[in-house]
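So the sequence shown is residues 1 to 474, counted in UniProt numbering.
Glycine residues also receive a C-beta, built at the ideal position from the N, C-alpha and C atoms.
Data block below; observations after.
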Amino acid sequence: MILKTKMMSQQKAGFDYLSGYSIGALHMDTGTGKTRTMLELIHKRYHEHKIERVLWITPVSVKQNLLDDIIKHSDCTVSFYESNKDTFIKILGTETFSQSNKAYQFVLNFVEEYGQTLQLVIDEAHCFKNPNAIRVKRLMPITRKLRYKNELTGTPITQGLWDMYTQMYMLDPRILKYPTFNSFAKVFLTYSDAYPGKIDAMYEKEAFISMVKPYIFQVTKKECLDLPAKTYSDRYFYPFKDANFAYTYNKVKDLMLNKVDPFNPNGMIIFQMLTYLHRLASGDFHKVISDKWGEAHVFDYSSNERLLILKETLESINLNRNKVIIFFKYYTDLAKISDMLDIPYAEFHGALNEKEKQQEMHRFKTDVTCNILVSNIQSGSVGLNLQEANYIIYYNNTFDFAKRMQGEDRIYRIGQEKNCFIIDIIADDTIDCRINAAIQQKSSLVKWVRSEMKKVKQYPAYYWPLFKDKLRRL
């Protein structure tokens, strides 16, 4: 095994930190070079005759990108699980592993064949945080049979430190010393009385951190990369000028808020309302909503104002010299954007199969006439290297701060040589403004609602009117 590229300083630091361990996690910001660092660890173990094969598990959407990276940095033979090739590194999609019994059996056979000489790499390890997920239930017992195990992620925590329980368990159950999530939860977590299964808080955080810290190398992009400037800007439009929008937006709020029992508020109604308002602000809302008495109210709203702002924004960018990613949230957005664009563009979203996704991604990266990628936030925010682009336009936003940061990291990473521009299209005086404010505070609208609901559950008579008033101002 020969490595073709030299490590950067942060990659060498990660290698040095974990090279003495048979296990470990690389918590390195997106774009700082986790793959190259992992290949150095593999190189060392291979030449020390400690490993014979590598099983690299990664989200399906980034398999091709990973394969290209491995070929770029090394002379390793590498292939996807779906091929019958006998290669040193075998790449398996996370979703494939959880959904396919055939893939699961392949892993069992692979482990049986190579045992202690098999290196396991769990890429985007935060995808394995839920102890009740099929992928976790399948992988946890397998990891106990392996010696060489590493995890890679730039976002190990999305909800709380407890996200790391399964990640640490898969490295070695002895790290946390709790054989099940329930036994761990009894010591460290408290649960909501109102919402069974919902975690309210975590205790003994310092003790938890002290247990996991020795096995984690962590580095942020700010610490190690000298990247070009990143500039944020907003493009506003004013939907309340439209009387139909104003009526619909306020009516939906009233209907949903009036359905909430003030003495036992249901958070699901609140979250449903947020989604309705977001879709309204995005420009399409076709829904029948029943009020608290069961009477049906029909809403049929559509607007192209957001689309016109997108068109104006694209016209202000020199598309002969820059590539642009447009992130959307709803498939009705995709239909509108596709109809509006009269120049070549590529698509990347969940409605495409993996072959179609790779073809579209290749076209965006290599075709000089195709300088726009239209992607839904969920599919395009994880694991892709898109430093060919230096503009991101958020047609509308996500409630999830972690997804937002992951999306920006698609272009703001090693290899980016141009200044980067992040543009948000915002419907003024709507829920858009609250979402944007939460993101700027490195938080999310969902966290805010949960925090407020916690107060309401304790003292509904006092806090519900206050919270209801805040929701009316969304």
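In this structure, the alpha-carbon of Leu280 lies about 12 Å from that of Leu474.
Bounds of the beta strand (DSSP E) holding Ser302 are 296-302. By the beta-carbon neighbour count (other beta carbons within 10 angstroms, threshold 16), His278 is buried. The beta carbon of Lys365 sits closer than 7 Å to the beta carbons of Glu388 from its chain, once the five residues preceding and following it are set aside; these are given in chain order. By the Cβ neighbour-count rule, Lys149 is buried, with 16 or more other Cβ atoms within 10 Å of its own.
Going by DSSP, Cys420 is part of no alpha helix (DSSP H) but of the beta strand (DSSP E) stretching over 420-427. Taking each of Arg53, Ile57, Phe110 in turn and checking the Cα distance to Thr87, the smallest one comes out for Arg53.
When DSSP states are grouped into helix, strand and coil, Val107 belongs to the helix group.
Between Ile309 and Ile425 a beta carbon distance of about 5 Å is seen, short of the 8 Å cut, so the two are scored as contacting. Around the CB of Ala438, 16 or more other CB atoms lie within 10 Å, so the residue is classed as buried. Counting along the chain, His27 sits inside the beta strand (DSSP E) bounded by residues 23-28. Rounded to the nearest whole angstrom, the CA to CA distance from Ser233 to Gln416 is 20 Å. Annotation for Tyr463: the continuous alpha helix (DSSP H) segment containing it runs 460-472.
The stretch 350-363 and the stretch 403-411 do not touch, with fewer than 3 CB-CB distances between them shorter than 8 Å.
Buried is the label assigned to Tyr276, since at least 16 other Cβ atoms lie within 10 Å of its Cβ. With distances taken between CA atoms, Gln159 lies nearest to Ser444 out of Trp464, Lys292, Ser444, Phe467. Inter-residue distance for Asp432 and Asn396 is about 8 Å (C-alpha atoms, whole angstroms). It is roughly 24 Å from the alpha-carbon of Leu384 to the alpha-carbon of Thr332. When rounded, the separation of the alpha-carbon atoms in Trp293 and Asn182 is 41 Å. The stretch 26-38 and the stretch 207-225 touch, with no fewer than 3 CB-CB distances between them shorter than 8 Å.
Shortest Cα-Cα distance from Asn244 to any of Leu319, Phe285, Met168, Ser98 involves Phe285. 7 Å or more divides the Cβ of Glu347 from the Cβ of Val368.
Under DSSP, Arg53 forms a beta bridge with Leu118.
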